[in-house]
Amino acid sequence: MVSVNYYLALSVILFIIGALGVLIRRNAIIIFMSIELMLNAANLAFVAFARYWQAMSGQIFVFFIMTVAAAEVAIGLALIVTIFHTKSSIDVDQISTLKG
Amino acid sequence: MTLQLLLFLILAVIAIVAAIGMLVSRSAVYAALFLILDLLTIAVFFVLLNAPFIAVAQVSVYTGAIMVLFLFVIMLLGAERAAGEVRTITWQLPLAIVLGVVLLAEAVFIIVQQRNALPAVATQLPVDFGSPAQVGTSLFSNYLLPFEITSVLLLVGIVGAIVLTKSEKK
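Residue numbers (this note's numbering), protein chains in the order written: chain F, 1 to 100; chain C, 101 to 270.
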């Protein structure tokens, strides 16, 4: 097995790219995809540690994260569709109605 | 051993390039396709890490269901041109890049400094480690309550998505 450190490094890099995506991009759908990327980076670390400690708990946790991500995507995309219908834009900088 | 390392490095390069491609691509459809490539390489990593069930779930749930939903919404909204992102907060982009680089530097520092904190792995695994049977046994014995709560969560997700997108009757 490749050392768990390599997997951790890859996971960290993917997570940071995802975080940068959330901060840099203004398109709500791409921000959402970046969140998915961050969740997957965490999943990778979980599975790497499950293999390292030879414990199934890590893999079960990844299973739960996937389920939660599925529910989150369904709700989030419904929100985006609703926002697009009212604002005709999914640029997050345009959604500033509540700004004082 | 070196073959596995070579495979890991090639896949890692693909994963990182795909993630950066998602970060910079103008079109939302291209971003979604880059993310699909990324999720598939992560599924291969799961296979390498003796998690075949999780790998199949990754392919079917993430690249199958979730990304189809993403592409569907992108097409539905006609939001594929991400160009013309107007920035109202101008100082945010440089600050985000600086903070991202700082975070990366911290992470690299920690990983390099702590690289010997974990002792070498025992290579001998149980033969059925990560098999669907073992995942199922664990899921329905130790993790039965979280599993049932997850089903309730999915139900709430379905109802919420319907309620949010339902057009209101005046």
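Virtual Cβ for every residue (Gly too), placed ideally from N, Cα, C.
Measure the alpha-carbon distance for residue i versus residue j and round it to whole angstroms.
{"i": "residue 251 of chain C", "j": "residue 134 of chain C", "result": "30 Å"}
{"i": "residue 28 of chain F", "j": "residue 200 of chain C", "result": "20 Å"}
{"i": "residue 233 of chain C", "j": "residue 74 of chain F", "result": "29 Å"}
{"i": "residue 9 of chain F", "j": "residue 242 of chain C", "result": "31 Å"}
{"i": "residue 260 of chain C", "j": "residue 218 of chain C", "result": "43 Å"}
{"i": "residue 41 of chain F", "j": "residue 214 of chain C", "result": "20 Å"}
{"i": "residue 231 of chain C", "j": "residue 194 of chain C", "result": "46 Å"}
{"i": "residue 191 of chain C", "j": "residue 80 of chain F", "result": "25 Å"}
{"i": "residue 97 of chain F", "j": "residue 86 of chain F", "result": "11 Å"}
{"i": "residue 205 of chain C", "j": "residue 77 of chain F", "result": "33 Å"}
{"i": "residue 124 of chain C", "j": "residue 264 of chain C", "result": "30 Å"}
How many whole angstroms separate the CB atoms of residue i and residue j, which I take to be in contact at a CB cut-off of 8 Å?
{"i": "residue 23 of chain F", "j": "residue 115 of chain C", "result": "Wrong, their Cβ atoms sit about 20 Å apart, outside the cutoff."}
{"i": "residue 254 of chain C", "j": "residue 71 of chain F", "result": "5 Å"}
{"i": "residue 171 of chain C", "j": "residue 129 of chain C", "result": "7 Å"}
{"i": "residue 161 of chain C", "j": "residue 155 of chain C", "result": "The Cβ separation is near 11 Å, so there is no contact."}
{"i": "residue 25 of chain F", "j": "residue 31 of chain F", "result": "6 Å"}
{"i": "residue 136 of chain C", "j": "residue 163 of chain C", "result": "5 Å"}
Is it the case that the Cβ atoms of residue i and residue j are separated by a distance below 8 Å?
{"i": "residue 69 of chain F", "j": "residue 166 of chain C", "result": "yes"}
{"i": "residue 175 of chain C", "j": "residue 33 of chain F", "result": "no"}
{"i": "residue 55 of chain F", "j": "residue 11 of chain F", "result": "no"}
{"i": "residue 247 of chain C", "j": "residue 6 of chain F", "result": "no"}
{"i": "residue 267 of chain C", "j": "residue 60 of chain F", "result": "no"}
Starting from residue i, trace the alpha helix (DSSP H) both ways and give me its first and last residue.
{"i": "residue 32 of chain F", "result": "28 to 53"}
{"i": "residue 87 of chain F", "result": "57 to 87"}
{"i": "residue 200 of chain C", "result": "192 to 213"}
{"i": "residue 248 of chain C", "result": "244 to 265"}
{"i": "residue 162 of chain C", "result": "Residue 162 of chain C -> no alpha helix (DSSP H), and no H or E assigned at all."}
{"i": "residue 5 of chain F", "result": "4 to 24"}
{"i": "residue 229 of chain C", "result": "Element bounds for residue 229 of chain C: n/a, residue is neither H nor E."}
{"i": "residue 93 of chain F", "result": "Careful: residue 93 of chain F lies outside any alpha helix (DSSP H) and carries neither H nor E."}
{"i": "residue 121 of chain C", "result": "102 to 124"}
{"i": "residue 136 of chain C", "result": "128 to 148"}
What residues in its chain sit with their C-beta under 7 Å from that of residue i, if we drop five residues either side in the sequence?
{"i": "residue 43 of chain F", "result": "62 and 65"}
{"i": "residue 228 of chain C", "result": "234"}
{"i": "residue 111 of chain C", "result": "141, 144 and 145"}
{"i": "residue 173 of chain C", "result": "none"}
With a threshold of 6 Å on Cβ separation, who are the neighbours of residue i within its own chain once the five nearest residues in sequence on each side are excluded?
{"i": "residue 18 of chain F", "result": "34, 37 and 38"}
For residue i, which residues from the same chain have a beta carbon less than 8 Å from its beta carbon, with the 5 sequence-adjacent residues on both sides left out?
{"i": "residue 90 of chain F", "result": "27, 28, 29, 80, 83 and 84"}
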